[in-house]
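A.B. asks: If you use my numbering, the sequence shown corresponds to residues 29 to 416, in order.
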Amino acid sequence: MEFDTLPLTGGRTAPASGGVPNVPPIVPSVGYVHSTMAATDAALDGADFVYGRNANPTPAMLEEVIAQLEESEDAVVFGSGMAAVHAALLATALPGATIVAAEQLYGVTRTLLDWMAYALGYSVHYADFLDVAAMRHALAEYQPAAVVCEVLTNPLAQVVRLDHVLDAAGSAQVIVDNTFATPMLLRPIPMGAALVVHSATKFINGHGDVLAGVVAGGGDLIGAVREFRTLLGANLDAFGAWLALRGVRTLALRMRQSCASALAVAQALADHPRVERVYYPGLPTDRYHADAAALFGGDQFGATLAFDLAAADRDMVFAFVESLTLIQSVTSLGDIFTEISHPATASHRSLSPQQQAGVGIREGTLRLSIGIEAPSDIIADLIGALDG
Numbered sequence: 029m030e031f032d033t034l035p036l037t038g039g040r041t042a043p044a045s046g047g048v049p050n051v052p053p054i055v056p057s058v059g060y061v062h063s064t065m066a067a068t069d070a071a072l073d074g075a076d077f078v079y080g081r082n083a084n085p086t087p088a089m090l091e092e093v094i095a096q097l098e099e100s101e102d103a104v105v106f107g108s109g110m111a112a113v114h115a116a117l118l119a120t121a122l123p124g125a126t127i128v129a130a131e132q133l134y135g136v137t138r139t140l141l142d143w144m145a146y147a148l149g150y151s152v153h154y155a156d157f158l159d160v161a162a163m164r165h166a167l168a169e170y171q172p173a174a175v176v177c178e179v180l181t182n183p184l185a186q187v188v189r190l191d192h193v194l195d196a197a198g199s200a201q202v203i204v205d206n207t208f209a210t211p212m213l214l215r216p217i218p219m220g221a222a223l224v225v226h227s228a229t230k231f232i233n234g235h236g237d238v239l240a241g242v243v244a245g246g247g248d249l250i251g252a253v254r255e256f257r258t259l260l261g262a263n264l265d266a267f268g269a270w271l272a273l274r275g276v277r278t279l280a281l282r283m284r285q286s287c288a289s290a291l292a293v294a295q296a297l298a299d300h301p302r303v304e305r306v307y308y309p310g311l312p313t314d315r316y317h318a319d320a321a322a323l324f325g326g327d328q329f330g331a332t333l334a335f336d337l338a339a340a341d342r343d344m345v346f347a348f349v350e351s352l353t354l355i356q357s358v359t360s361l362g363d364i365f366t367e368i369s370h371p372a373t374a375s376h377r378s379l380s381p382q383q384q385a386g387v388g389i390r391e392g393t394l395r396l397s398i399g400i401e402a403p404s405d406i407i408a409d410l411i412g413a414l415d416g
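(1) Asp248 lies in the alpha helix (DSSP H); which residues open and close that run?
(2) Where DSSP assigns a beta bridge to Cys177, which residues make up the other side?
(3) Find out if the Cβ-Cβ distance for the pair Phe267, Pro53 is shorter than 9 Å.
(4) In the DSSP assignment, find the beta strand (DSSP E) that holds His376 and state where it starts and stops.
(5) Between Thr120 and Gln201, how many whole angstroms is the CB-CB distance? I'm expecting something under 8 Å.
(6) Reducing DSSP to helix, strand and coil, say where Ile127 ends up.
(7) Looking only at C-alpha atoms, which of Ala130, Gly392, Phe208 sits nearest to Met163?
(8) Express the C-alpha separation of Pro216 and Glu99 in angstroms, rounding to a whole number.
(9) Is the Cβ-Cβ distance between Phe256 and Ala115 less than 9 Å?
(10) Which one or two residues does DSSP pair with Leu223 in a beta bridge?
(11) For the region 85–121, list the beta strand (DSSP E) runs that are entirely contained and at least 3 residues long, ordered along the chain.
(12) In whole angstroms, what is the alpha-carbon distance linking Val179 and Pro371?
(13) What did DSSP end up calling Gly412 once you bin it into helix, strand or coil?
(14) Restricting to Cα atoms, I'd like to know which of Thr33, Ser380, Leu239 is closest to Ala111.
(15) Looking at C-alpha atoms only, which residue of Ile250, Arg390, Leu90 is the closest neighbour of Asp341?
(16) Answer yes or no: do Gly109 and Gly241 have a C-beta to C-beta separation smaller than 9 Å?
(17) Who are the near neighbours of Ala103 in its chain, counting only those whose CB is closer than 6 Å to its CB and skipping five residues on each side?
(18) Suppose you measure from the CA of Thr229 to the CA of Arg302; what does that come to, to the nearest Å?
(19) Suppose contacts are defined by Cβ-Cβ distances below 9 Å. Is Ile364 in contact with His235 by that definition?
(20) Along the chain, where does the alpha helix (DSSP H) that runs through Arg284 open and close?
(21) Whose CA, out of Ser63, Phe106, Thr373, lies closest to the CA of Arg395?
(22) Take Leu148 and list the residues in its own chain whose beta-carbon comes closer than 7 Å to its own, dropping the five residues that flank it on each side.
(23) Using DSSP's beta-bridge definition, name the partner residues of Asp336.
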């Protein structure tokens with residue numbers, strides 16, 4: 029055998045061993061060799077691994093864990109949260125169908141829905157899902173094929189009564205964005221939701237180093253979601269899946285710490301004269317406290333909150349954020365680090381000022397994602413900036 033060929037023939041399979049690694053390996057391979065051509069042919073028709081765009085063992089392990097957490101039949105991971113949202117919408121509603129969505133949505137999700145209406149002929153209607161009567165009226169009037177909502181809204185941590193949405197949805201397929209609540213607080217699938225989506229970039233991974241999404245569900249719907257992922261090529265790479273698999277294993281630990289700290293931070297902000305309002309359902313005085321307690325059934329209310337700086341213009345808001353020393357200004361959330369963002373110029377910048385005002389976003393509104401630092405240090409940083 030020629031020298032040029034030798035490096036290509038060895039090291040293609042792991043050495044035989046009686047031991048099994050307790051940390052699963054990363055499988056970066058795009059192609060998979062089967063024993064016969066007939067086996068390859070069968071693999072292309074079945075569930076075996078044959079080509080990376082169809083499936084990969086490392087993302088498959090992450091899918092198994094998330095399906096267990098969401099109590100769903102299956103889960104499909106994607107290269108981003110928006111790819112997951114797009115596939116969920118395509119699976120539940122064909123072009124030209126009617127979709128009813130909550131007004132209180134992540135700005136880019138709303139932009140995607142508007143684009144689908146413009147480019148693909150969907151009939152998209154928005155309703156105030158915080159008003160149960162308005163939500164019921166919209167679902168009865170439009171009789172949608174699909175319904176889209178968040179449970180804890182971005183950015184104001186308002187609580188949508190998913191139980192009431194599911195009761196009113198009838199035959200519509202309900203898609204729930206569970207990114208903020210996580211399966212730690214709520215599992216929509218056993219309640220009757222058709223599909224659950226996550227930006228797995230956020231709390232699922234939790235370390236700020238993976239861009240990923242996931243759809244959980246069952247039956248033909250999750251099969252359609254998987255098929256759309258294959259057709260669109262919206263896969264999560266093996267290394268990203270491995271990082272997210274490592275991250276999700278500490279979800280419970282991180283969420284317990286972050287939820288407890290979020291309540292302490294919310295209480296401290298509520299007592300400060302420069303803060304006009306705090307949005308956090310864990311506060312007994314919050315408008316959605318009773319709804320959150322009823323829906324989540326425990327003493328944890330999420331790791332995100334928002335607050336309005338009193339009489340603040342954009343320059344004042346930017347100066348406040350820039351004076352923080354521990355808390356990072358990042359246009360993401362759900363990490364082990366506490367992060368702050370300005371929704372008007374970040375998560376909801378695609379909305380007009382009128383649309384932002386319509387969902388309660390003001391110039392002085394700031395969103396906090398609480399990490400796992402000591403709550404006293406988070407509070408000290410905020411109070412120092414407020415007093416400065």
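All residues carry an ideal CB built from backbone N, CA and C; glycine is no exception.
C.D. replies: Based on what the coordinates show:
(1) The sequence position of residue 248 within the sequence shown is 220, counting from 1. Residues 247–260.
(2) Start at 1 with the first residue of the sequence shown, and residue 177 comes out as number 149. Val204, per the DSSP bridge assignment.
(3) Mapped onto the sequence shown, residue 267 falls at position 239. Mapped onto the sequence shown, residue 53 falls at position 25. No. Outside cutoff.
(4) Stepping through the sequence shown from its first residue, residue 376 is reached at position 348. Run containing His376: none; DSSP gives neither H nor E here.
(5) Translated into the one-based positions of the sequence shown, residue 120 becomes position 92. Translated into the one-based positions of the sequence shown, residue 201 becomes position 173. Yes, Thr120 and Gln201 are in contact; Cβ-Cβ is about 4 Å, under 8 Å.
(6) Indexing the sequence shown from 1 puts residue 127 at position 99. The three-state reading of DSSP puts Ile127 in strand, counting E and B together.
(7) Residue numbering aside, residue 163 sits at position 135 when the sequence shown is read from its first letter. Ranking the options by Cα distance to Met163, first place goes to Ala130.
(8) As a first step, residue 99 is located in the sequence shown; it is residue number 71 there, counting from the start. As a first step, residue 216 is located in the sequence shown; it is residue number 188 there, counting from the start. Glu99 and Pro216: Cα-Cα distance of roughly 9 Å.
(9) Your numbering for residue 256 matches position 228 in the sequence shown. Your numbering for residue 115 matches position 87 in the sequence shown. Cβ distance < 9 Å, so Phe256 and Ala115 count as in contact.
(10) Against the sequence shown, residue 223 aligns to sequence position 195. For Leu223, which the question treats as bridged, DSSP gives the partners Ile203, Gly245.
(11) 102–106
(12) Within the sequence shown, the letter at position 151 stands for residue 179. Within the sequence shown, the letter at position 343 stands for residue 371. Rounded to the nearest angstrom, the two C-alpha atoms are 18 Å apart.
(13) The count along the sequence shown starts at 1 and reaches residue 412 at position 384. In the structure shown, Gly412 sits in a helix (DSSP, three-state: H, G or I).
(14) Translated into positions along the sequence shown, residue 111 becomes position 83. Closest by alpha carbon: Leu239.
(15) Here residue 341 refers to the residue found at position 313 of the sequence shown. It is Arg390.
(16) Position 81 of the sequence shown, counting from 1, holds the residue named residue 109. Position 213 of the sequence shown, counting from 1, holds the residue named residue 241. Between Gly109 and Gly241, the CB-CB gap stays under 9 Å.
(17) For the purposes of this step, residue 103 is taken as the residue at position 75 of the sequence shown. Cβ neighbours of Ala103 beyond the five flanking positions: Glu91, Ile94, Ala95, Val242, Ala244.
(18) Counting from 1 along the sequence shown, the entry for residue 229 is found at position 201. Counting from 1 along the sequence shown, the entry for residue 302 is found at position 274. If you take the alpha carbons of Thr229 and Arg302, they lie about 32 Å apart.
(19) Position 336 of the sequence shown, counted from the first residue, corresponds to residue 364. Position 207 of the sequence shown, counted from the first residue, corresponds to residue 235. Cβ atoms of Ile364 and His235: closer than 9 Å.
(20) Taking the sequence shown and counting its residues from 1, the one referred to as residue 284 is at position 256. Residues 279–298.
(21) Counted from its first residue, the sequence shown places residue 395 at position 367. Checking every option, the nearest Cα to that of Arg395 belongs to Thr373.
(22) Working through the sequence shown from its first residue, we reach residue 148 at position 120. Same-chain partners within the cutoff: Pro123.
(23) Mapped onto the sequence shown, residue 336 falls at position 308. DSSP output for Asp336 lists Arg305, Thr393 as bridge partner(s).
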